[in-house]
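Student: Next up is a structure, given as structure tokens.
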Amino acid sequence: MARHKAPTGAVLLKRLQGLEGKPSQGFALLLISLSALPSEEEDDFWGELDDFLVDFKARYEGELYELSLGERAVLVKMTEQAEVGMISDIKDSVLRRVQQFYPEHFGMINQARLLRKIDLGFKLSHAIKFLEHFEKQPGKTGEGGMKMRGLQEGDIKMVLEVHHKVGPEQFKKIFV
0 MARHKAPTGA VLLKRLQGLE GKPSQGFALL LISLSALPSE EEDDFWGELD
50 DFLVDFKARY EGELYELSLG ERAVLVKMTE QAEVGMISDI KDSVLRRVQQ
100 FYPEHFGMIN QARLLRKIDL GFKLSHAIKF LEHFEKQPGK TGEGGMKMRG
150 LQEGDIKMVL EVHHKVGPEQ FKKIFV
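Per numbering that gives the first Met the number 0, the very first residue in the sequence shown carries number 0; after that it's consecutive.
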């Protein structure tokens with residue numbers, strides 16, 4: 000699958016700052032978080048995810064942003080009637096892809112954080128503050144963030160194995 004290059008979080012932040020003082024009723028920011036997944040192992044997964052999100056954005060006339068490899072945002076106009084269908088559409092499609100490509104990581108997905116909706120009519124300032132904070136985190140956006148991911152259980156096991164092999168004194172000299 001081809002990777003689609005979406006604008007970064009910095010572009011989204013400027014877009015939201017441009018909405019301040021204007022009526023933003025009906026606009027929502029959908030935040031999709033898959034940072035618990037390995038970032039480089041399954042390029043097919045990320046390509047399929049991007050294909051789905053590009054289709055979703057076109058179907059609902061939204062705007063897609065890539066905050067980091069494992070984080071996406073969709074800015075979309077959303078009615079109350081369409082909200083349930085749109086959110087179910089994203090959750091079902093993303094979880095189906097996770098189960099297909101990362102069955103061993105399926106249980107690690109925090110479904111409360113998988114998809115978060117921020118109603119910009121009421122919480123535009125919260126969305127802006129969130130993105131300002133997000134942008135300050137190292138490795139989260141732009142090209143520099145593409146290779147970074149959070150620590151996972153396998154990483155911790157590897158560190159413990161090295162500690163066990165070399166002993167505490169040698170480990171301290173090497174890593175501390």
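Heads up, the beta-carbon is just placed ideally off N, CA and C, and yes, glycines get one too.
Which runs of the beta strand (DSSP E) at least 3 residues long sit entirely within the stretch 30 to 66? Give them in chain order.
Tutor: List check, beta strand (DSSP E) in window: nothing returned.
Student: Might you give, ordered along the chain, the residues of its own chain that have their beta carbon closer than 6 Å to the beta carbon of GLN24, omitting 5 neighbours on each side?
Tutor: In the sequence shown, residue 24 corresponds to position 25, counting from 1. Same-chain partners within the cutoff: GLY120.
Student: Mind checking who PHE26 pairs with in its DSSP beta bridge?
Tutor: The sequence position of residue 26 within the sequence shown is 27, counting from 1. LYS76.
Student: Using a Cβ-Cβ cut-off of 9 Å, state whether LEU63 counts as contacting chain B.
Tutor: This model lacks chain B altogether; it includes just one protein chain.
Student: Which whole-angstrom value describes the C-beta separation of ALA27 and LYS116, a residue pair presumed to lie in contact below a C-beta threshold of 8 Å?
Tutor: As a first step, residue 27 is located in the sequence shown; it is residue number 28 there, counting from the start. As a first step, residue 116 is located in the sequence shown; it is residue number 117 there, counting from the start. Right, their Cβ atoms sit about 5 Å apart.
Student: If you follow the beta strand (DSSP E) that LEU159 is in, where does it begin and where does it stop?
Tutor: Sequence index remark: in the sequence shown, residue 159 carries index 160 (1-based). That residue, LEU159, is in no beta strand (DSSP E); its alpha helix (DSSP H) goes 152 to 165.
Student: What are the boundary residues of the beta strand (DSSP E) that LYS116 is part of?
Tutor: For this step, residue 116 is matched to residue 117 along the sequence shown. Per DSSP, LYS116 belongs to the beta strand (DSSP E) from 114 to 118.
Student: Check whether the stretch 163 to 170 touches the stretch 100 to 119, taking contact to mean three or more Cβ pairs, one atom from each stretch, closer than 8 Å.
Tutor: Judged by Cβ distances under 8 Å, the stretch 163 to 170 makes no contact with the stretch 100 to 119, as fewer than three pairs qualify.
Student: When the distance is taken between beta carbons, is GLU60 closer than 9 Å to ALA5?
Tutor: Looking up residue 5 in the sequence shown gives position 6. Looking up residue 60 in the sequence shown gives position 61. Not in contact: ALA5 and GLU60 (Cβ atoms no closer than 9 Å).
Student: Please determine, among ASP154, LYS122 and GLU134, the residue with the shortest C-alpha to C-alpha distance to LYS13.
Tutor: Along the sequence shown, read from residue 1 onward, the residue named residue 13 stands at position 14. Closest option to LYS13, Cα to Cα, is GLU134.
Student: So, using beta-carbon positions, are GLU70 and SER92 closer together than 9 Å?
Tutor: Position 71 of the sequence shown, counted from the first residue, corresponds to residue 70. Position 93 of the sequence shown, counted from the first residue, corresponds to residue 92. No, these two residues do not count as a Cβ contact at 9 Å.
Student: Rounded to the nearest angstrom, what separates HIS132 and TYR101 at their Cα positions?
Tutor: Taking the first residue of the sequence shown as 1, we reach residue 132 at position 133. Taking the first residue of the sequence shown as 1, we reach residue 101 at position 102. Each residue's alpha carbon lies about 29 Å from the other.
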